[in-house]
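Encoded as structure tokens, the structure appears first; notes follow it.
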Amino acid sequence: MLVLQFVCSLVLPGLGNTAFASDDWKNEFNTVCGQTQNALAFSVDELKDLIARCDELKPRIKKLDDSQATERKVFLQRLKMCRDFYAFALGTKVDQQ
Amino acid sequence: MVRKVFTLLPLLLCLQAMFVTAGNFPDPQSFGLVILKNYSPRAGVAPVIFDHWLHRSLFTCRLCHLDVGFAMEAGETKINAALNMQGVYCGACHDGKKTIGGKTIFAACAEQFSEEEVKRCARCHSWKKQGVREITFDAFTKKLPVGLGKNIDWEKAGEEGVIKPLDFLEGISVQYDTLQAQQDFSIASEADWASDVIFSHKKHALWNGCALCHPGIYASTKAGTVKYSMLQIFEGESCGVCHDKVAFSLFFCQKCHRNPV
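If you read the protein sequences in the order shown, they are chains A and B. In terms of the numbering used here, the first sequence has 8 at position 8, counting the first letter as 1, and numbering is strictly consecutive. In terms of the numbering used here, the second sequence has 195 at position 98, counting the first letter as 1, and numbering is strictly consecutive.
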């Protein structure tokens with residue numbers, strides 16, 4: 001089994017990376033937007049970082065090809081709500097200071 | 098004097114509406130019902146009846162309106178069969194594979210189907226059709242607690258564990274961190290005929306999470322920054338985004354204005 005894995009890693013490295021890359025934006029989305037519930041506990045800098053990560057993610061989702069048009073539509077909306085909430089939390093933090 | 102008239106205006110409107118609908122509070126069965134007819138008539142099928150009472154007993158509001166992506170306003174999502182078949186919106190659950198309570202959730206739409214399978218279409222495309230729904234309101238809600246106006250008391254149903262709405266859908270939802278307890282607070286009432294509102298942030302956050310309400314519906318956390326009148330709420334703003342449409346009716350004043358004046 002280990003030999004097979006080794007051979008595959010030599011022969012199909014590109015394939016593995018492609019598959020990973022296609023889901024990469026989703027992993028980032030899950031990591032970034034999975035923290036909204038704790039947003040008010042984050043510091044101003046942490047919130048700014050999360051907002052920046054949302055902004056970086058947006059063009060990556062926008063770039064999804066037409067075969068993923070539906071996913072693009074749904075996730076752009078979800079990302080917007082997530083980003084808006086971090087911006088809201090940031091505004092609240094700044095007001096408190 | 099003028100101020101007093103304005104203060105009493107919501108009460109008068111409320112009373113007027115109550116007289117108009119006297120003895121006719123929202124029908125529990127059709128409360129929260131959404132008819133989807135963006136494309137169905139053109140496709141030659143009956144419009145879809147979406148029952149909130151069925152779905153909200155199974156899922157939190159957040160799961161459907163944030164993770165799955167259904168708009169909060171009826172008709173805004175523009176759902177069609179193709180989208181469902183791609184595994185989004187209704188198709189996020191209705192894919193013929195996912196299970197709930199040990200039962201497989203039927204697939205929402207299909208390009209090809211047998212004559213026998215047409216019956217499945219009618220499970221949703223059932224507007225103005227009698228006897229085609231598999232799950233009926235009376236049978237389904239028999240065990241659910243009944244509250245004001247014979248409407249289902251969802252709050253109680255949740256507290257008693259009669260319903261356990263899912264908040265996570267594999268492959269769709271984000272694995273959220275545990276929600277920190279939110280503090281309840283009171284909202285001052287300007288009318289002298291109604292007590293202050295006791296707002297349960299905890300209960301609302303449990304159903305909705307955070308991002309469903311903030312900042313879209315409530316753009317500020319500072320108490321008193323934005324003031325909403327009952328008129329605005331009846332127009333569908335603030336609490337009115339959900340209440341009187343899906344969440345309990347605005348005519349049940351004492352559900353929010355809990356203390357006697």
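All C-beta atoms in this analysis are idealised placements derived from N, C-alpha and C, irrespective of residue type, glycine included.
- When C-alpha distances from residue 340 of chain B are compared across B:136, B:158, B:230, B:176, the shortest belongs to B:158.
- In the displayed model, residue 93 of chain A falls within a helix according to three-state DSSP.
- It is roughly 45 Å from the alpha-carbon of residue 187 of chain B to the alpha-carbon of residue 358 of chain B.
- Identification of residues in the segment 243-273 of chain B having a C-beta nearer than 7 Å to some C-beta of chain A yields 271, 272, 273, given in sequence order.
- Contacts between residue 27 of chain A and chain B, judged by CB atoms closer than 9 Å, are missing: the closest CB pair is about 11 Å apart.
- In this structure, B:133 is the residue among B:133, B:140, B:138, B:189 with its C-alpha nearest to the C-alpha of residue 172 of chain B.
- Any Cβ of chain A closer than 8 Å to the Cβ of residue 172 of chain B would place that residue at the interface, and such an atom is absent.
- In this structure the segment 249-256 of chain B does not lie against the segment 312-332 of chain B, because fewer than three pairs of beta carbons, one per stretch, are closer than 8 Å.
- Rounded to whole angstroms, the separation of the alpha carbons of residue 288 of chain B and residue 148 of chain B is 35 Å.
- If you check the CB distance, residue 309 of chain B and residue 152 of chain B do not come in under 8 Å.
- Secondary structure note for residue 215 of chain B: it is in no beta strand (DSSP E), and the uninterrupted alpha helix (DSSP H) holding it is 215-218.
- When 9 Å is used as the limit between beta carbons, residue 200 of chain B is near no residue of chain A, the shortest such separation being about 26 Å.
- When the five nearest sequence neighbours on each side are left out, the beta carbons in the same chain lying within less than 7 Å of the beta carbon of residue 285 of chain B are those of 293, in order along the chain.
- Per DSSP, residue 328 of chain B is one residue of the alpha helix (DSSP H) stretching across 327-331.
- What residue 180 of chain B touches in chain A, judged by beta-carbon distance under 8 Å, is 70, going in chain order.
- In this structure, residue 88 of chain A sits near residue 312 of chain B, with a CB-CB distance shorter than 8 Å.
- Following the DSSP letters along the chain, one finds residue 44 of chain A inside the alpha helix (DSSP H) bounded by residues 44-62.
- One Cα belongs to residue 37 of chain A, the other to residue 314 of chain B, and the distance between them is close to 17 Å.
- The beta carbon of residue 245 of chain B sits closer than 6 Å to those of 349, all from its chain and outside the five residues before and after it, given in chain order.
- Your pair residue 190 of chain B and residue 266 of chain B checks out as a contact, with CB atoms roughly 7 Å apart and the cut at 8 Å.
- Inside the segment 258-307 of chain B, DSSP marks whole alpha helix (DSSP H) runs of 4 or more residues at positions 298-305, from first to last along the chain.
- Under the DSSP assignment, residue 147 of chain B falls in the beta strand (DSSP E) whose first and last residues are 145-147.
- Taking 8 Å as the upper bound for CB-CB distance, residue 57 of chain A and residue 79 of chain A are in contact here, some 6 Å apart.
- Short of 7 Å from the beta carbon of residue 280 of chain B, and not among the five residues preceding or following it, lie these beta carbons of its own chain, in chain order: 298.
- According to the DSSP assignment, residue 133 of chain B belongs to the beta strand (DSSP E) that extends over 131-133.
- Of B:154, B:155, B:180, the smallest CA-CA separation from residue 166 of chain B is found for B:180.
- Put simply, of A:45, A:60, A:76 the residue whose alpha carbon is nearest the alpha carbon of residue 164 of chain B is A:76.
- When DSSP reads this structure, residue 243 of chain B sits in a beta bridge with B:249.
- In this structure, residue 226 of chain B and residue 219 of chain B form a Cβ contact; the two beta carbons are roughly 6 Å apart against a cut-off of 8 Å.
- Using a Cβ-Cβ cut-off of 8 Å, residue 324 of chain B does not count as an interface residue toward chain A, since no Cβ of chain A sits closer than that to its own.
- With its beta carbon less than 8 Å from one in chain A, residue 277 of chain B belongs to the interface.
- Among the residues of chain B, those whose CB is under 7 Å from the CB of residue 77 of chain A are 166, following chain order.
- Of the other Cβ atoms in all chains shown, fewer than 16 fall within 10 Å of the Cβ of residue 211 of chain B; this residue is therefore exposed.
- At a cut-off of 8 Å between beta carbons, residue 352 of chain B makes no contact with chain A.
- In terms of Cβ geometry, residue 127 of chain B and residue 260 of chain B do not form a close pair [threshold 8 Å].
- With a contact defined as Cβ atoms closer than 8 Å, residue 32 of chain A and residue 82 of chain A qualify at about 7 Å.
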